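Numbering (this note's numbering), first residue to last: 378 to 576. Where is the CB? At the ideal position from N, CA and C, for every residue including glycine. If you're wondering where the values come from, they're calculated on a predicted model, not measured in any experiment. Some notes on the structure that comes next.
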């Protein structure tokens with residue numbers, strides 16, 4: 378009986394039939410100056426570690442990503458696109474880098490009006506409740522749920538794993554609906570102690 382043939386593992390380039398994959402991430406006007414400032418911090422991990430080509434299209438105001446022949450994994454381009462997108466939404470580069478290293482992370486976004494329709498001063502007070510004095514409430518939720526929260530006007534972006542993002546979203550929704558911060562803290566303490574027991 379002839380021996381079984383042994384085949385080399387297919388490369389990511391061969392898996393996609395040698396086709397180059399592209400991703401385009403638009404740059405909002407207010408993120409253009411910070412992007413200019415820390416471009417090399419974004420470029421280096423994407424180009425050198427993930428082996429994905431990246432360049433800034435100045436005319437179209439967007440970041441363009443492209444797979445190379447030596448890109449080790451097909452999913453790398455999507456992870457890089459998520460990393461760049463997280464920066465555009467307001468996350469820091471250090472936090473965004475976690476998206477390249479860990480597969481179970483993602484960015485969840487929602488608006489205050491999705492939870493409750495608020496106008497004028499009521500809306501301003503709700504945003505104030507979410508941040509707390511000097512960002513105290515936001516940091517407390519971040520630390521208890523191991524997530525990163527960006528509050529950009531009425532939009533809220535949360536970076537974290539699925540279960541942690543859900544806990545953070547529930548806490549933020551309670552605050553929007555008018556719960557006092559103390560009540561949310563005590564609920565978070567109970568949830569985070571349960572999470573600690575699970576792991």
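Residue j beta carbon less than 7 Å from that of residue i
i: residue 524; j: residue 541; result: yes
i: residue 552; j: residue 496; result: no
i: residue 533; j: residue 464; result: no
i: residue 548; j: residue 482; result: no
i: residue 479; j: residue 460; result: no
i: residue 544; j: residue 522; result: yes
i: residue 428; j: residue 399; result: no
i: residue 536; j: residue 492; result: no
i: residue 425; j: residue 432; result: no
i: residue 546; j: residue 489; result: no
As assigned by DSSP and simplified to three states, the class of residue i
i: residue 425; result: helix
i: residue 544; result: helix
i: residue 555; result: coil
i: residue 430; result: strand
i: residue 442; result: strand
i: residue 401; result: strand
i: residue 454; result: helix
i: residue 419; result: helix
i: residue 477; result: helix
i: residue 550; result: helix
i: residue 410; result: helix
i: residue 567; result: helix
Given residue i as reference, the closest of the options once Cα atoms are compared
i: residue 402; options: 422, 382, 562, 456; result: 456
i: residue 411; options: 535, 467, 444; result: 467
i: residue 367; options: 380, 430, 409; result: The structure shown does not extend to residue 367, since the chain is modelled only from 378 through 576, so no value can be given for it.
i: residue 396; options: 569, 446, 435, 485; result: 446
i: residue 555; options: 501, 568, 511; result: 501
i: residue 560; options: 530, 499, 518; result: 518
i: residue 458; options: 435, 450, 423, 413; result: 423
i: residue 509; options: 420, 379, 557; result: 557
i: residue 562; options: 516, 573, 436, 527; result: 516
Interface flag, residue i vs chain D, CB-CB below 7 Å
i: residue 408; result: Within the model displayed, chain D is absent; a lone protein chain is all it includes.
Return the chain-ordered ranges of every beta strand (DSSP E) run that is complete within the stretch 482-537 and spans a minimum of 3 residues. Qualifying beta strand (DSSP E) stretches, in chain order: 482-488, 525-529.
How do the stretch 445-456 and the stretch 464-475 stand: do at least 3 beta-carbon pairs fall below 8 Å, yes or no? Contact fails: fewer than three Cβ-Cβ distances are below 8 Å.
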